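Asker: Okay, so the sequence shown: first residue is 1 according to UniProt numbering, each after it adds one.
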Amino acid sequence: MGGTRCGPPPPPSPSYAAGYKSFSLPPLKVKPEYTGDVKIEQGQYGVPEPLVTGLISTKNKLGMAHPLQVSEKNYHLNEEKMNMTMLRNIQGLHAPLKISMELKAANKVGRLPFLPSSNMMQEVLTGRHLEIGFEDILNPAELCEIAGQPHAVVERSLGIL
1 MGGTRCGPPP PPSPSYAAGY KSFSLPPLKV KPEYTGDVKI EQGQYGVPEP
51 LVTGLISTKN KLGMAHPLQV SEKNYHLNEE KMNMTMLRNI QGLHAPLKIS
101 MELKAANKVG RLPFLPSSNM MQEVLTGRHL EIGFEDILNP AELCEIAGQP
151 HAVVERSLGI L
């Protein structure tokens with residue numbers, strides 16, 4: 001009976017468990033952004049005094065209005081994490097590294113500060129050029145509110161002005 005063993009197998013080593021966990025998909029469970037208490041300063045009669053303390057916006061402190069709002073807010077980030085994890089599991093570590101290097105190079109390519117940029121190279125690498133979203137219809141570069149003297153904008157971006 002020297003070589004056989006009865007009972008459950010021994011628990012995996014911590015390094016194996018840590019390595020296994022890094023290859024799992026990222027969690028999609030929504031986490032609350034704000035967990036503290038909201039305190040509204042009250043005046044002498046138990047009513048907030050906005051003329052003394054200023055207007056207070058508690059909606060931003062309370063968190064999201066709908067449970068899916070956080071998920072939708074971070075949709076592209078969660079999708080990118082999941083795609084990179086699946087790519088790493090299928091093709092190896094080199095594939096996500098290559099794509100992240102290409103994205104970094106695409107982000108460095110730019111125009112002069114006073115010209116709007118479409119970020120087409122980045123959209124092609126992420127696959128967003130195939131989607132039509134609100135930002136495509138409601139935020140075109142032609143209707144950009146930032147306008148100024150080109151020389152002043154360039155000097156400000158260079159730190160001269």
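No residue lacks a Cβ here, since even glycine has one placed at the ideal position from N, Cα and C. No experiment lies behind these values; they were computed from the predicted model shown.
Out of curiosity, what's the CA-to-CA distance linking Ser13 and Ile90?
Answerer: Because Ser13 carries a pLDDT of 49, less than 50, the predicted location of this residue cannot be relied on, and the following value inherits that uncertainty. Approximately 24 angstroms between the Cα atoms of the pair.
Asker: Thinking just about the alpha-carbon of each residue, which of Met82, Val70, Gln122 and Pro113 is nearest to the one in Lys104?
Answerer: It is Gln122 whose Cα lies nearest to the Cα of Lys104.
Asker: Note down, in chain order, each residue of its chain lying with its Cβ closer than 6 angstroms to the Cβ of Leu93, except the 5 sequence neighbours on either side.
Answerer: Once the five neighbours on either side are set aside, Leu93 has no close Cβ partner at all.
Asker: Rounding to the nearest angstrom, what Cα-Cα distance links Leu68 and Gly127 in this structure?
Answerer: Distance between the alpha carbons of Leu68 and Gly127 is about 23 angstroms.
Asker: Using the three-state DSSP reduction, which class does Leu139 fall into: helix, strand or coil?
Answerer: Position check: residue 139 holds Asn in this sequence, whereas Leu was assumed. Coil.
Asker: Where does the unbroken alpha helix (DSSP H) through Tyr75 begin, and where does it stop?
Answerer: That run of the alpha helix (DSSP H) goes Tyr75 to Gln91.
Asker: Does the distance from the C-beta atom of Gly159 to that of Phe114 stay below 8 angstroms?
Answerer: Their beta carbons are not under 8 angstroms apart, which means Gly159 does not touch Phe114 by this criterion.
Asker: Could you give the DSSP three-state label for Glu123: helix, strand or coil?
Answerer: Note: Glu123 maps to helix in three-state DSSP.
Asker: If we ignore side chains and look at the alpha-carbon of each, how far apart do Tyr45 and Val70 end up?
Answerer: Using only the alpha carbons, I get a separation of about 37 angstroms.
Asker: Rounded to a whole number of angstroms, what is the C-alpha to C-alpha distance between Lys29 and Met86?
Answerer: Straight-line Cα distance between these residues: approximately 18 angstroms.
Asker: DSSP three-state label for Ala65, please.
Answerer: Coil, per DSSP.
Asker: Can you give me the start and stop residues for the alpha helix (DSSP H) that Arg156 sits inside?
Answerer: Where Arg156 is concerned, the enclosing alpha helix (DSSP H) stretches over Pro150 to Leu158.
Asker: Give the C-beta separation of Ala95 and Leu125 to the nearest angstrom, bearing in mind that I take them to be a contact with Cβ-Cβ under 8 angstroms.
Answerer: Actually they do not touch by this definition, with Cβ atoms about 13 angstroms apart.
Asker: Below 7 angstroms CB to CB, which residues in the same chain sit around Leu77 once its five sequence neighbours on both sides are set aside?
Answerer: Excluding residues within five positions, none has a Cβ falling inside 7 angstroms.
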